[in-house]
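**Student:** Just dropping this structure here.
Numbering (the working numbering), first residue to last: 33 to 961.
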C-alpha cells in the first residue's frame, strides 16, 4: 500500500482539515490492487455500457467504498469480502463537486481482508475532449466518421469507469473492449484474444481482450476505437541486457498513414536511445502512437498507447522543417514519460514538474542525439529557457513544487513553470554535475522506484549519491520558491602579478515589474556561475558557485587589448545578469565589430537580458535598440540570434501600438535594417539538400522583412500567393506558405480583403492541406486587415464546429490579439468579444474553469493601460450580475485564477514600461530614422 497523505490532507468522506495545503483525496479504507474493465463503446449512440471489478485490500474497517465518478450512470454495485457472498450496496450517493460516488453496504468490510467490488454503469462519449470522448473527421470520400478515444490526465479516468483516480493509487488493469467487428480496438497492452459474436441488438461485434498491464496509475489507462490503419517497425535496444525487441506502431485514420512514417522512425530510434540512456528495458511488448483528429493537448503519454494531435505526429513532403522538429520533440517527450512518469510516477500532483520538466529536458536530449545538425540546445534558449525566465519573473508565478489541493487546481500548473522552468533547472543541474554523473543518479532512482511512486526528494537523494553533493540543499530554493536570481556585478579587482580577476557579485530576486521590496527578496539561491573570457574563448568556461547574497569569484585574466569576460556561458544557468554600464558599452562595441567573440547562446542572452532589465526599470530601451543595431551592423546571421532579435522587436512593437506612427515606423525601420539584407541575400528559392539553418533562416528573414514593412518582399509574396491559389504549387515552397498567408492578409485592402481571406480559409478547410499548414492558415486568418472579417471570424467561423474543431478554437485568437495591423481597434474589440461571449463559450466545454484560462489570456494579454486592469477586475468579480451570477462567475474563474493574476500583472508591467520609456523610444526612433 502506498501512503502519501499527511496531517494536512483532507480525506474525501472523512474529517476535513481546512489548511491551505490540504489535499482532497479519497479515504484510504480500501486500496485497489487490480481492475477488470469491460466496456462496449457505441459510435452511433455515443453511449457505452461498462462493468468494472476491482480487487481491493481492506486497510480499515468500513461500511463504505468511496471512489471517483463523473458523468457516469451507475446501475448497481456489489462487494464480496474474503470470498464471502456478494452484498449489494444499500445506497449510492454522488458528490458532483468532489466527483465521487459513495457505496454503502449493510455488513462491515473488515480490515486485513481482501475485497472484490463490482460496478455496472453507463457512460457517454462526450465531445469535450476529456474522458472517453468522441472525435470526428471526414474520410477520403468526404463522409463524416467518428472514433472514440480517452484523455484521462489529470482526473478524467473517472469519466470512463468508477475508479480510485489518484496517481498514488497504482494497480494493474485487464481491459476488454466490445466493438464493431470492422473497427480497430487499442489499449495500453497487446491484444491477447478477439472473439466475434452477434450482440443482443443483432450487430456483428467482437470482444477484444488485452494483456494485463504492469502496475500503473489510472491517468495512464487508455483506449482507442476507430476505423484505423497502421504502419510498424521494431526497436531493438542494445542495452540493458534484458531489453527485448519492441513493436512500434503508428495509427491514423485511413488515408493519412503515409504521414506517419517520419514519426515511426523517430519513435523507433528514441526507444533505443532511452532504453540505453536509462539502462532500463521498456517493460511493454508494444508501443503505439495514434494520431487523433480532436485532441485538447499536444499529446498524452498513456503507457504503451500514446495519443497525439495530428499536428504533433503527422508530416508529409509539404511539411516544414520546424514541423518535423516539433514532431520529433513531441515524440521524444512522450516516450521519455514511458520511464519517467509511467514506470516511476509522482506521488501527487505537486510533483507534476518532475514528470513534465524531466520529459522536456530528456525529450530535447533525445532529439539532439537523433538530429545533431538541428543544434537543439541553442534553440532551447530562445524557446524553453526564455519561456521559463518570462513567466517566473512575475510576482504571480508559483514554485516548481507547488501545493495542489484539489482536482480543480491541477490544470493551472500545466504551465511554463512545470515544463520550461522545470526542464531549465534540470538542464542547469545536468550541466553543472556533468552528463555521466547526472545519468547515473537518474538510473539508480529509476531502479529503486520503478512501478512505484516518488517525490522530488527521492531524485535528489540519488543524484546526491552519484555526485557526492548535497543536492537537496542545492536545489531547495529552485523548486520550493518562486522566481530566480538577478546576478549583479558590484565590483572587480585585477591582480597584475597573479593575472587573476576577482569579481564581487550579488544576487536578488528578479521581477519583471521591478520595484523589488525587502519582503520579496528573502531567498538565497545556490547559483552555478560559469565564466568565459578572452583567455578561455568560447569553448571552455570556468565554474564557480554563488551561494550567498554577496560573494566573490576569481578566475585567470590578463590586461590584453581584446580582454573581456562574461557570466552564464551558453545560457546554461537559470538567471539574468546585470553588467555595469561600462561593460554594456563594451559588449555593444564588440557585437558591432567582432560579434563572433561571443557564443551564439551568449549573444541571445545579452539581448534577452537587456530587454528584461528594461522591463524591470533596471535598464533603458535605448540599450536594447542599440544592441540590435550593433548586431545588424556587425552582420549577425545566426538563425537563433535572429529569432531573438525578431522576438524582441515584436515585443517592443506590441507595447507601442498606441504610440505615434513615427515611433512605430522607426521600430519597423530597425527591423528592416536587420532582416531585409538577409532576405535579399537568401532569395525566395529553396535548394534541394541545402543546409538546415540556411533553409530556416530564409523563411525567418522573408517573414520578418515583410512583417516590418519591406515593400519589395511584400509584393513578391503577394504575386506568389496569386500564382499559388491559381494552381501553381511551385510558386510557394512549403517553408514560405504560412508566412505568405500572414503577409497577404495583413496587407489586404478593402478591395482584396474578401479574396485573400476566403482563399486562406479554403486552404484551411481543404482536407488535402497537411495538418501543420492547416493550423498555420487558421492562425493567420486573425491577421486580416479588415474589421468586417475579424468580426466574421470571431462571431461566426470559430463557433462552427464543422469548420473549426473545439481543440482549435483559440488558434486564431493568437493573431487577432497579437498580430492584427489594426491593433488600436482590434485588441479592445477582442476583450469585449470575450466578455460578451463567455457564457456561450462556457456552455460548450465540460469545465469552463479548466478551459477558460487560455481564451481569457489571449483576449486580454496584448492590451495595456490601468483601465484594462480595472475592466478585468470588474468582470472577474461579476459586477452587474445578480447574486447567483456572481457566485457562478467566481466559481468558474477559480479554475483559471492564476492566468488572471498573470495577465493583470503583465498588463501592469507593460503599461509602466511604455510610460517610463516613451520619450526614450521616441528620441531613439527619431535619431535613427
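Even glycine gets a Cβ: it sits at the ideal position worked out from N, Cα and C. Note that this is a predicted model, so its numbers are computed, not measured.
1. Okay, do the segment 884-901 and the segment 848-857 touch, 3+ Cβ pairs below 8 Å being the bar?
2. Could you name each continuous beta strand (DSSP E) segment of 3 residues or more that falls completely within the segment 522-555, going from the start of the chain to the end?
3. Residues bridged to residue 860 by DSSP?
4. Whole angstroms are fine: how far does the CA of residue 353 sit from the CA of residue 404?
5. Return the Cβ separation of residue 193 and residue 82 in integer angstroms, given the expectation that the two are a contact with Cβ distance under 8 Å.
6. Hey, could you find the ends of the alpha helix (DSSP H) residue 844 is sitting in?
7. For residue 708, count neighbouring Cβ atoms within 10 angstroms of its own Cβ and tell me buried if that reaches 16, exposed if not.
8. Could you check how far apart the C-beta atoms of residue 99 and residue 132 are, in whole angstroms? I think they sit under 8 Å.
9. Based on the DSSP secondary-structure assignment, which residues constitute the bridge partners of residue 178?
10. Grouping DSSP H, G and I as helix and E and B as strand, with all else coil, what is residue 837?
11. Taking residue 506 as part of the alpha helix (DSSP H), name the residues at either end of that continuous run.
12. If contact is defined by three or more beta carbon pairs under 8 Å, each pair taking one atom from either stretch, is the segment 273-292 in contact with the segment 237-254?
13. Name the two residues that bound the continuous alpha helix (DSSP H) containing residue 157.
14. From the DSSP output, in three-state form, read off residue 56 for me.
15. Going by the DSSP bridge assignment, what does residue 80 pair with across the sheet?
16. Pull the bridge partners of residue 1030 from the DSSP assignment, please.
17. Identify the continuous alpha helix (DSSP H) that holds residue 597 and give its terminal residues.
18. Can you tell me whether residue 128 is helix, strand or coil according to DSSP?
19. Classify residue 198 as buried or exposed, calling it buried when 16 or more other Cβ atoms lie within 10 Å of its own Cβ.
20. What residues in its chain sit with their C-beta under 6 Å from that of residue 949, if we drop five residues either side in the sequence?
21. Please check the pair residue 544 and residue 644, which I expect to be a contact at CB under 8 Å, by giving their CB distance rounded to whole angstroms.
22. DSSP has residue 281 in a bridge; who is on the other side?
23. Have a look at 904, 578, 59, 933 and flag the residue whose alpha-carbon is nearest the alpha-carbon of residue 538.
24. To test your reading of the DSSP string, which unbroken alpha helix (DSSP H) runs of 4 or more residues are found completely within the segment 658-716?
25. At what residues does the beta strand (DSSP E) containing residue 608 begin and finish?
26. Comparing C-alpha positions only, which one of 114, 138, 106, 105 sits nearest to residue 120?
27. Reducing DSSP to helix, strand and coil, say where residue 375 ends up.
28. Taking only three categories from DSSP, how would you classify residue 866?
29. Considering just the uninterrupted stretch of the beta strand (DSSP E) at residue 341, what are its terminal residues?
30. Kindly indicate which three-state DSSP category residue 228 falls into: helix, strand or coil?
31. Can you give me the Cβ contacts of residue 817 inside the same chain, cut-off strictly under 8 Å, excluding the 5 residues immediately before and after it?
32. Whole angstroms is fine: what's the gap from residue 760's alpha carbon to residue 370's?
33. Taking all protein chains shown into account, decide if residue 468 is buried (16 or more other Cβ within 10 angstroms of its Cβ) or exposed.
34. Output the boundary residues of the beta strand (DSSP E) element that contains residue 484.
35. Just the C-alpha distance for residue 123 and residue 136, rounded to the nearest angstrom, thanks.
**Tutor:** Reading it off the structure:
1. yes
2. 532-541
3. Partner(s): none; residue 860 has no beta bridge.
4. 14 Å
5. 6 Å
6. 843-850
7. buried
8. 7 Å
9. 168
10. coil
11. 503-512
12. no
13. Neither: residue 157 is in no alpha helix (DSSP H) and is coded neither H nor E.
14. strand
15. 73, 155
16. There is simply no residue 1030 to check, as the chain begins at 33 and stops at 961 in what is shown.
17. Careful: residue 597 lies outside any alpha helix (DSSP H), inside the beta strand (DSSP E) at 597-599.
18. coil
19. buried
20. 653
21. 6 Å
22. 264, 320
23. 578
24. 671-687, 693-714
25. 608-610
26. 138
27. coil
28. helix
29. 337-341
30. strand
31. 777, 778, 779, 780, 781, 785, 852, 853, 854
32. 45 Å
33. exposed
34. 484-486
35. 5 Å
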